[in-house]
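Student: Residue numbers (this note's numbering): 170 to 595. The beta carbon of each residue, even a glycine, is placed where N, CA and C say it ideally should be.
What follows is the structure, given as structure tokens:
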């Protein structure tokens, strides 16, 4: 009866359908492995929940080529429509962001944003590439971006220009070049323009986007993902590695401090993880670790500063090599390297000064502290007898005859016996 009344009244049955649900993902920073996990998890969650589409907002200078491939593959094989929106106004989809934007079912940009400069400058941490290798990587990236553009009905020749010529496009230029589908100032305008648009999924199924009055469900990174994303930035990873190494060095210089060792160990491991995820040069990491090891060894080996000097040289060279030849979006700040090197040198000098000063102090605890102490002979020492030292009776052996009552100085401690001689007057 309910359906008959609706039909008679002229109301369509879908008038009582629930509002569309859009899952929102946000990437603001470099494209690193944790971002690929976040995007894949978000699209999977949206698919399982039966969401109408996924809105991926990006603002990125670029990132790792391998990670970009993972994200593009996830988007292109998605069973739910994915909208990539370069926002807010003035945002950038550079390098890796270009591939991600072009791979979307719908690509949109905010006014004042830009896209492009996708020429590959480094793949992985293999170090300097030959010209032939660079050309192979560039041609592969060009073929890939053409394939993506053709699949999404975009201009492959213009997309190729972003790779081969490092060309960038403003929002208006990208729209005129058929690289994106629309320009929208905000989400409301974006949804209004997209309402009723039809997109084709990987299985050939056509889906109509019904975004009028759609509800937005943000999917944020988990606390662990946020932590890994924050430290997956070259300068932060470098600081963690350096600070962690210094913490361990402090623990070695002052055993038993505990806190510097714990914090240093955690910092060092986090730094190594971050550098690994950023495909840092393996040789650079080894040189930095060698430098830290040499600085630590200075406390135990008398090298007159040679170990410390060699450690600083190794540390600086490793820092310069760490991201050499890689993407300019994932480079260390030269100023940070200089400040870190100077600060480390001053810190090590301070620790070494404290160690040297401690070595120069007389021993004040244990049996060794008795050496040089003045005592009094309680019996004749010919050559052995009993002496009184700091209120304690000791069995003593003298190198010369000593009469009871004479003052003696302790020369050596052997088990429960001390060797003495007559103390000089005064």
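How would you write the range of the beta strand (DSSP E) that residue 338 sits in, first residue to last?
Tutor: 337 to 339
Student: Could you check the C-alpha separation between residue 335 and residue 241 for me, to the nearest Å?
Tutor: 20 Å
Student: May I ask which residues mark the beginning and end of the alpha helix (DSSP H) holding residue 381?
Tutor: Taken as a continuous stretch (DSSP letters only), residue 381 belongs to no alpha helix (DSSP H), as it is neither H nor E.
Student: What is the residue span of the beta strand (DSSP E) that residue 197 lies within?
Tutor: 190 to 197
Student: For residue 299, does the count of other Cβ atoms within 10 angstroms reach 16, so buried, or fall short, so exposed?
Tutor: exposed
Student: Apply the 10 Å Cβ neighbour rule to residue 546 and answer buried if 16 or more other Cβ atoms are within range, or exposed otherwise.
Tutor: buried
Student: Which residue's Cα is closest to the Cα of residue 192: 253, 238, 387 and 377?
Tutor: 387
Student: Here's the rule I'm using: 16 or more other beta-carbon atoms within 10 Å means buried, otherwise exposed. How should residue 469 be labelled?
Tutor: exposed
Student: Quick check on the burial criterion: 16 or more other C-beta atoms within 10 angstroms. Buried or exposed for residue 246?
Tutor: The C-beta of residue 246 has fewer than 16 other C-beta atoms within 10 Å across all chains shown, which makes the residue exposed.
Student: Would residue 356 be called buried (16 or more neighbouring beta carbons within 10 Å of its own) or exposed?
Tutor: buried
Student: Give the straight-line distance between the Cα atoms of residue 582 and residue 541, rounded to the nearest whole angstrom.
Tutor: 10 Å
Student: Which residue marks the beginning of the alpha helix (DSSP H) containing residue 594, and which one marks its end?
Tutor: It is not in any alpha helix (DSSP H) - residue 594 carries neither H nor E in the DSSP assignment.
Student: From residue 481 to residue 431, what does the alpha carbon distance come to, in whole angstroms?
Tutor: 24 Å
Student: Suppose the cutoff is 7 Å on Cβ atoms and the five residues either side in sequence are ignored; what does the same chain contact list for residue 476 look like?
Tutor: Only 463, 466, 467 and 470 meet the Cβ criterion.
Student: Tell me whether residue 370 sits in a helix, a strand or coil according to DSSP, three-state version.
Tutor: coil
Student: What's the gap between the Cα of residue 507 and the Cα of residue 429?
Tutor: For residue 507 and residue 429, the distance between alpha carbons rounds to 24 Å.
Student: Quick check on residue 357: does DSSP put it in helix, strand or coil?
Tutor: helix
Student: Compare the Cα-Cα distances from residue 413 to each of 434, 404, 422 and 419 and report the closest residue.
Tutor: Out of 434, 404, 422 and 419, 434 has the C-alpha closest to the C-alpha of residue 413.
Student: Can the beta-carbon of residue 331 be found closer than 8 Å to that of residue 286?
Tutor: yes
Student: Measuring straight from C-alpha to C-alpha, what distance separates residue 492 and residue 218?
Tutor: 41 Å
Student: Whole angstroms is fine: what's the gap from residue 456's alpha carbon to residue 511's?
Tutor: C-alpha separation (whole angstroms): 17 Å.
Student: How would you call residue 322, buried or exposed, if buried means at least 16 neighbouring beta carbons within 10 angstroms?
Tutor: exposed
Student: Between residue 260 and residue 228, which are expected to be in contact by the criterion C-beta below 8 Å, what is the C-beta distance as a whole number of angstroms?
Tutor: 4 Å
Student: Would you kindly report the start and end of the unbroken beta strand (DSSP E) that includes residue 576?
Tutor: 576 to 583
Student: Could you check how far apart the C-beta atoms of residue 278 and residue 340 are, in whole angstroms? I think they sit under 8 Å.
Tutor: Under the criterion of beta carbons closer than 8 Å, residue 278 and residue 340 qualify as touching, at roughly 4 Å.
Student: Is residue 501 buried or exposed, if buried means 16 or more other CB atoms sit within 10 Å of its CB?
Tutor: Buried.
Student: Give me the residue from 584, 257, 268 and 549 with the minimum Cα distance to residue 354.
Tutor: 257
Student: The ligand SAM heavy atoms versus the CB of residue 390: any closer than 7 Å?
Tutor: This structure lacks the ligand SAM, and indeed carries no ligand of any kind.
Student: Going straight from the alpha carbon of residue 230 to that of residue 473, what length do you get?
Tutor: 47 Å
Student: Can at least three beta-carbon pairs, one atom from the region 197 to 211 and one from the region 393 to 413, be found at a separation below 8 Å?
Tutor: yes
Student: Note down the Cα distance separating residue 423 from residue 276, rounded to an integer number of angstroms.
Tutor: 58 Å
Student: Taking its Cβ as the centre, do 16 or more other Cβ atoms sit within 10 Å of residue 363, making it buried, or is it exposed?
Tutor: buried
Student: From residue 272 to residue 401, what distance separates their C-alpha atoms?
Tutor: Computed Cα separation, rounded: 24 Å.
Student: Measuring only the C-alpha atoms, how far is residue 238 from residue 320?
Tutor: Near 15 Å, if we compare the C-alpha coordinates of residue 320 and residue 238.
Student: If distances are taken between C-alpha atoms only, which option among 225, 579 and 586 comes closest to residue 593?
Tutor: Ranked by Cα distance from residue 593, the options 225, 579 and 586 are led by 579.
Student: Enumerate, from N- to C-terminal direction, the unbroken alpha helix (DSSP H) stretches of 4 or more residues contained entirely within the region 429 to 506.
Tutor: Taking only runs of at least 4 residues, the alpha helix (DSSP H) segments lying wholly in the region 429 to 506 are 451 to 466 and 475 to 490.
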